[in-house]
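Using this note's numbering, read the sequence shown as starting at 858 and increasing by one per residue.
Beta carbons: idealized from backbone N, C-alpha and C, even for Gly.
A quick note: this is a predicted structure, and the numbers were derived from the prediction, not measured.
Contents: one structure, followed by commentary.
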Amino acid sequence: MLGARDPGATPLPRLFARGGLALVIGAYTIYTLGPFLWLASMSVRTTGEISLDHYAWPSPFHWEQFRIAWVDSNFATYFWNSTLVVVGAVAVVTLVGAAAAHALARYRFKGNRLIYAVLFSSIIFPPQITLISLYQILVDYNLYNSLLGLTLVYISLQLPLTVYLLEGFFARIPQDLFDAAKMDGYGDIEIFRRIVLPIGMPAIATTLILNFIQLWNEFLFAVVLITDPDKRTLPIGIRAFMGDHFQDIGMIAAGVMISVVPVILAYIFFSEKLIRGMTAGAVK
858 MLGARDPGAT
868 PLPRLFARGG
878 LALVIGAYTI
888 YTLGPFLWLA
898 SMSVRTTGEI
908 SLDHYAWPSP
918 FHWEQFRIAW
928 VDSNFATYFW
938 NSTLVVVGAV
948 AVVTLVGAAA
958 AHALARYRFK
968 GNRLIYAVLF
978 SSIIFPPQIT
988 LISLYQILVD
998 YNLYNSLLGL
1008 TLVYISLQLP
1018 LTVYLLEGFF
1028 ARIPQDLFDA
1038 AKMDGYGDIE
1048 IFRRIVLPIG
1058 MPAIATTLIL
1068 NFIQLWNEFL
1078 FAVVLITDPD
1088 KRTLPIGIRA
1098 FMGDHFQDIG
1108 MIAAGVMISV
1118 VPVILAYIFF
1128 SEKLIRGMTA
1138 GAVK
């Protein structure tokens, strides 16, 4: 029929909208990936090559800069110190935070709301105000200038926010699931392990990756609480490395790349759960 509209045709305004959205996403991708790709390019080029052309394609690739940074500049020690501290802190924060959030969300006991209020108030104030008191506590208990002391500090910094975020997610788990589990003979620990953890995995993964990124890049507490060069974490090591190679841009870029790669890998592995966890609160 003359003038009949093809049901499979895409309306022109919608086509323009999709094209505009694709353009915005592409521009944002270039904006966010550009600095990283530039850093990656500089990490395999010498300072002389970078000075001649800041944006040239690496040719040849100077992979030896990573070996020099890793072996000769003690980056291997910094990397494993950061791994030990951050992985240990994140593991404890995730497990204890999930258990505490489940208890606050599901059980009603005396002081429940008070505990929640204290946790919330600790999130409001900047953690830097606790630096002096934490320093004194570590000195009193002979934990100053130790990786264990820094790990405990990181746990105390990230635990309140983790509990706060997970409690909001766990509170939306239907009570019927817990009632059915109790009828099947499950105890509290079994309910937590078989119901809460699997259902809450997107939120748990979200807090895990956020805590990992935050602690992996943490500088202030590490630089104040760690003075031994052999106990430096990566952020402190990078500062010392930049002081030793302040004119060698290529070497500095290689050192920074070593610290960035673990964060990128963590995001790649947990990106799907991260997105699901961050959008879970938008849908009832």
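Measure the C-alpha to C-alpha separation of residue i and residue j and round it to an integer number of angstroms.
i, j, result
"V1147", "I887", "Nothing can be reported for residue 1147, as the shown portion of the chain is limited to 858 through 1141."
"W891", "L1022", "The amino acid occupying residue 891 in the given sequence is Gly; Trp does not appear at that position. Rounded to whole angstroms, G891 to L1022 spans 32 Å at the Cα level."
"Q993", "I1012", "17 Å"
"F1126", "I882", "22 Å"
"P1017", "T1084", "27 Å"
"I1052", "F873", "45 Å"
"G1057", "L1065", "12 Å"
"A955", "L991", "24 Å"
"V950", "D910", "46 Å"
Could you have a look at residue i and say whether DSSP puts it in helix, strand or coil?
i, result
"I1083", "coil"
"R1029", "coil"
"V901", "coil"
"G877", "helix"
"N999", "coil"
"P1059", "helix"
"S908", "helix"
"R1089", "coil"
"N1068", "helix"
"A913", "coil"
For residue i, is the classification buried or exposed, using 16 other Cβ atoms within 10 angstroms of its Cβ as the cut-off for buried?
i, result
"Y935", "buried"
"M1040", "exposed"
"A1079", "buried"
"R924", "exposed"
"W1073", "buried"
May I ask which residues mark the beginning and end of the alpha helix (DSSP H) holding residue i?
i, result
"E921", "921-924"
"G954", "932-963"
"Y973", "969-981"
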